[in-house]
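Novice: With numbering that gives the first Met the number 0 applied, the sequence shown covers 0 to 499.
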Amino acid sequence: MIGAVDRISHWIAGVEFSGSGARRAPVFNPATGEQTADVLLADGEDVDAAVDVACEAAGPWGETSLARRTQILFAVRGLLDERRRDLARLITLEHGKVFSDALGEVARGLENVEFACGIASHLAGRYSEQASSGLDVYSFRQPLGVVAGITPFNFPVMVPMWMLANAIACGNAFILKPSEKVPRAPMLLAGILGEAGVPDGVFNVVNGDRVAVERILEHPAIRAVSFVGSTPVAHHVYEEASRSGKRVQALGGAKNHMVILPDADLEQAADAAVSAAFGSAGERCMAISVVVAVGGSAGPVVGGIAERIGRLRIGDGLDPETEMGPLITAEHRNRVASYLDGATSQGARVVVDGRSHPMAGGPGFFLGPCLIDEVTPQMDCYRDEIFGPVLSVVHAEDLTGAIDLVNASQWGNGAAIFTRDGGAARRFQHEVQAGMVGVNVPIPVPVGHFSFGGWKQSLLGDAHVYGPDSVAFYTRPKVVTSRWPDPLWRAIDLGFPEND
Ligand code: NAD
Numbered sequence: 000m001i002g003a004v005d006r007i008s009h010w011i012a013g014v015e016f017s018g019s020g021a022r023r024a025p026v027f028n029p030a031t032g033e034q035t036a037d038v039l040l041a042d043g044e045d046v047d048a049a050v051d052v053a054c055e056a057a058g059p060w061g062e063t064s065l066a067r068r069t070q071i072l073f074a075v076r077g078l079l080d081e082r083r084r085d086l087a088r089l090i091t092l093e094h095g096k097v098f099s100d101a102l103g104e105v106a107r108g109l110e111n112v113e114f115a116c117g118i119a120s121h122l123a124g125r126y127s128e129q130a131s132s133g134l135d136v137y138s139f140r141q142p143l144g145v146v147a148g149i150t151p152f153n154f155p156v157m158v159p160m161w162m163l164a165n166a167i168a169c170g171n172a173f174i175l176k177p178s179e180k181v182p183r184a185p186m187l188l189a190g191i192l193g194e195a196g197v198p199d200g201v202f203n204v205v206n207g208d209r210v211a212v213e214r215i216l217e218h219p220a221i222r223a224v225s226f227v228g229s230t231p232v233a234h235h236v237y238e239e240a241s242r243s244g245k246r247v248q249a250l251g252g253a254k255n256h257m258v259i260l261p262d263a264d265l266e267q268a269a270d271a272a273v274s275a276a277f278g279s280a281g282e283r284c285m286a287i288s289v290v291v292a293v294g295g296s297a298g299p300v301v302g303g304i305a306e307r308i309g310r311l312r313i314g315d316g317l318d319p320e321t322e323m324g325p326l327i328t329a330e331h332r333n334r335v336a337s338y339l340d341g342a343t344s345q346g347a348r349v350v351v352d353g354r355s356h357p358m359a360g361g362p363g364f365f366l367g368p369c370l371i372d373e374v375t376p377q378m379d380c381y382r383d384e385i386f387g388p389v390l391s392v393v394h395a396e397d398l399t400g401a402i403d404l405v406n407a408s409q410w411g412n413g414a415a416i417f418t419r420d421g422g423a424a425r426r427f428q429h430e431v432q433a434g435m436v437g438v439n440v441p442i443p444v445p446v447g448h449f450s451f452g453g454w455k456q457s458l459l460g461d462a463h464v465y466g467p468d469s470v471a472f473y474t475r476p477k478v479v480t481s482r483w484p485d486p487l488w489r490a491i492d493l494g495f496p497e498n499d
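Right under this line is the structure:
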């Protein structure tokens with residue numbers, strides 16, 4: 000404790016580590032606007048210290064049997080389950096999302112640990128006996144060594160778990176660089192992993208900003224980088240990590256469309272749109288930020304959403320009555336609010352203006368839910384990722400027009416359709432250019448035994464995150480071709496070996 004605020008350091012070799020401690024950043028409770036902590040911002044030497052420790056730990060950990068690694072992962076699962084409320088509370092205190100939503104975040108992160116508990120079967124190779132005469136061929140996967148993850152502010156626990164569960168289960172040492180806005184929950188995660196038996200140095204946390212990121216991207220001992228954050232930073236990470244020869248997956252921003260056909264249950268669709276647009280104050284990469292109202296659905300959909308928005312309870316996420324919390328910082332709140340002026344001047348109709356909500360004037364970083372109708376693809380509120388409680392409604396004449404609109408977007412994370420027409424839904428899922436598609440499901444985040452990832456600007460690289468893709472991402476394949484010949488067999492053959 001330093002005066003009234005906590006000091007948050009790094010986690011290296013199983014203990015808190017202050018390193019140079021020269022730079023720091025404030026951490027806020029967005030619901031009150033108060034600074035609650037100072038987080039140390041790592042410099043290059045701090046990252047190097049973490050990498051040195053991780054390099055030492057990676058060798059023995061990679062040699063640890065699958066049986067032992069699995070036992071440790073089960074222990075991690077058990078402790079995380081016990082501590083889920085503690086993690087959720089820290090998420091709410093630093094991010095602002097409501098406590099039940101934070102609990103949901105932890106639960107979705109736990110799915111990744113549960114998948115990783117089956118690492119023995121995920122890593123099992125293939126064996127082809129007698130692939131050629133007297134010759135067997137088999138394959139298996141081996142860990143990369145030291146890998147790193149760089150994560151955003153909006154999921155302080157779940158996104159790190161998307162990466163670390165499988166990275167560690169596969170036998171790597173992991174360095175996490177969380178968002179400097181939400182450092183507490185990742186530090187608790189580190190303590191829990193250590194308590195569960197993950198050896199010191201296998202999981203490390205380096206708090207920091209772009210300085211730490213740059214060192215991670217250039218450090219020669221780091222073999223792979225997983226990044227989740229905004230699209231401009233994703234591009235930078237992808238280019239720099241590739242330049243230094245690393246494997247990289249960089250998940251970027253999003254603008255997710257929800258297409259509502261006139262035959263849908265419009266009451267259910269309005270409920271889903273409000274839940275998916277305003278949950279976590281719109282600070283979700285899979286939030287619905289655009290409703291595409293097709294044909295006659297527009298009037299009832301806009302009316303239904305506006306009416307529901309009026310009833311949402313806004314406040315501190317620790318209050319069980321609250322349905323929507325604040326935004327992450329005052330600057331972000333002001334940036335989000337600025338899109339309302341832009342929308343009006345560009346010809347859209349602001350149906351609900353969250354700036355006039357009573358909470359928007361307080362010390363916390365609040366903005367009420369906002370609804371903008373008659374939006375067109377040329378407007379800034381449509382083109383930009385706003386990442387706040389602002390829902391735009393675009394009108395389309397028919398399903399073809401709706402699909403064309405979604406496909407013209409630079410992003411392709413999630414896309415959803417609401418309809419009772421199976422043929423229309425099937426056409427949508429086939430033609431839409433997005434990595435994750437919902438049919439009457441507004442936020443189609445795949446379960447932990449599938450993989451998560453968008454198309455276009457929403458993901459740079461080949462591998463999606465978590466699930467089977469991440470087992471491949473965090474390992475290298477090896478194929479062995481083996482013969483145990485009869486000791487009497489003798490032959491010299493300079494030709495290229497043919498299989499027979
Ligand atoms: P951000 O890009 O600002 O930060 C992400 C990470 O990069 C943080 O750890 C941050 O410290 C670091 N960083 C920030 N600026 C940097 C720079 N110039 N150079 C190097 N590193 C830098 O993102 P954010 O505001 O924390 O998170 C919100 C964004 O993340 C949104 O765009 C959202 O769509 C995206 N996101 C995407 C997914 C997905 O799965 N595609 C999931 C969650 C969030």
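Ideal Cβ positions, reconstructed from N, Cα and C, are used throughout, including at glycine.
Assign residue 153 to one of three DSSP states: helix, strand, or coil.
Specialist: Looking at residue 153 - three-state DSSP - the assignment turns out to be coil, as it is neither helix nor strand.
Novice: Pop quiz: residue 304 and residue 215 are said to be a contact at Cβ under 8 Å. What is the actual Cβ separation, rounded to whole angstroms?
Specialist: Actually they do not touch by this definition, with Cβ atoms about 42 Å apart.
Novice: Can the beta-carbon of residue 393 be found closer than 8 Å to that of residue 291?
Specialist: Yes, the Cβ-Cβ distance between residue 393 and residue 291 is below 8 Å.
Novice: Would you list, in sequence order, the uninterrupted beta strand (DSSP E) runs of no fewer than 3 residues that lie entirely inside the region 360-437?
Specialist: Qualifying beta strand (DSSP E) stretches, in chain order: 369-372, 389-395 and 413-417.
Novice: Could you say which of 366, 356 and 341 lies nearest to residue 379 if we only look at CA atoms?
Specialist: Per the Cα distances, 341.
Novice: Please tell me whether residue 387 and residue 280 are closer than 8 Å, where the distance is taken between their beta carbons.
Specialist: In contact: residue 387 and residue 280 (Cβ atoms closer than 8 Å).
Novice: May I ask you to check if the CB of residue 284 is nearer than 7 Å to at least one heavy atom of ligand 1?
Specialist: Yes, Cβ of residue 284 sits closer than 7 Å to a heavy atom of ligand 1.
Novice: Quick one: residues in its chain with C-beta nearer than 7 Å to the C-beta of residue 229, no 5 flanking neighbours on either side, listed in chain order?
Specialist: Closer than 7 Å at the Cβ level, and outside the excluded window around residue 229, lie 251 and 252.
Novice: Measure from the alpha carbon of residue 235 to the alpha carbon of each residue in 498, 399 and 460, then state which is nearest.
Specialist: It is 460 whose Cα lies nearest to the Cα of residue 235.
Novice: Could you check where the beta strand (DSSP E) with residue 257 kicks off and where it finishes?
Specialist: Where residue 257 is concerned, the enclosing beta strand (DSSP E) stretches over 255-259.
Novice: Within 7 Å: the Cβ of residue 235 and any heavy atom of ligand 1?
Specialist: Yes, the Cβ of residue 235 comes within 7 Å of a heavy atom of ligand 1.
Novice: CA-CA distance, residue 311 and residue 321?
Specialist: Approximately 8 Å between the Cα atoms of the pair.
Novice: DSSP beta-bridge partners for residue 147?
Specialist: Answer is 174 and 224.
Novice: Three-state secondary structure (DSSP) at residue 33?
Specialist: Reduced to three states, the DSSP call for residue 33 is strand.
Novice: For residue 94, report the span of its alpha helix (DSSP H) as first-last.
Specialist: That run of the alpha helix (DSSP H) goes 83-94.
Novice: I'd like the span of the alpha helix (DSSP H) that includes residue 267, first residue to last.
Specialist: Its alpha helix (DSSP H) spans residues 265-277.
Novice: May I ask you to check if the CB of residue 328 is nearer than 7 Å to at least one heavy atom of ligand 1?
Specialist: For ligand 1, not one heavy atom lies less than 7 Å from the Cβ of residue 328.
Novice: Report yes if the C-beta distance between residue 6 and residue 93 is below 8 Å; otherwise report no.
Specialist: Result no, Cβ atoms of residue 6 and residue 93 do not sit closer than 8 Å.
Novice: Can you tell me whether residue 455 sits near ligand 1, meaning its C-beta is under 7 Å from at least one heavy atom of the ligand?
Specialist: False, no ligand heavy atom lies under 7 Å from that Cβ.
Novice: Entirely within the region 292-321 and at least 4 residues each: give me those alpha helix (DSSP H) ranges in chain order.
Specialist: Qualifying alpha helix (DSSP H) stretches, in chain order: 297-309.
Novice: Between which two residues does the alpha helix (DSSP H) holding residue 111 run?
Specialist: Residue 111 -> alpha helix (DSSP H) spans 98-115.
Novice: Considering only their Cβ atoms, is the gap separating residue 95 from residue 361 smaller than 8 Å?
Specialist: It is not a contact, given that the beta carbons lie outside the stated cut-off.
Novice: Roughly how many whole angstroms lie between the Cα atoms of residue 55 and residue 243?
Specialist: Taking the straight line joining both Cα atoms gives about 22 Å.
Novice: Pick helix, strand or coil for residue 329, following the three-state DSSP scheme.
Specialist: In this structure, residue 329 counts as helix in the three-state DSSP scheme.
Novice: So, is residue 429 buried or exposed, given that buried needs 16 or more other C-beta atoms within 10 angstroms?
Specialist: Burial call: exposed.
Novice: In this structure, how does DSSP classify residue 49 when only helix, strand and coil are distinguished?
Specialist: If DSSP states are grouped into helix, strand and coil, residue 49 belongs with the helices.
Novice: Mind the definition here: the region 120-128 touches the region 343-359 only if three or more C-beta pairs lie below 8 Å; say whether that holds.
Specialist: Touching, no.
Novice: Please give the ranges of any alpha helix (DSSP H) in the region 174-250, keeping only runs that are unbroken, at least 4 residues long and fully inside the region.
Specialist: The region 174-250 contains these whole alpha helix (DSSP H) runs: 183-194, 209-217 and 230-242.
Novice: Please list, in chain order, all residues of the same chain as residue 120 whose beta carbon is under 6 Å from its beta carbon, the five residues on each side excluded.
Specialist: Around residue 120: no qualifying Cβ.
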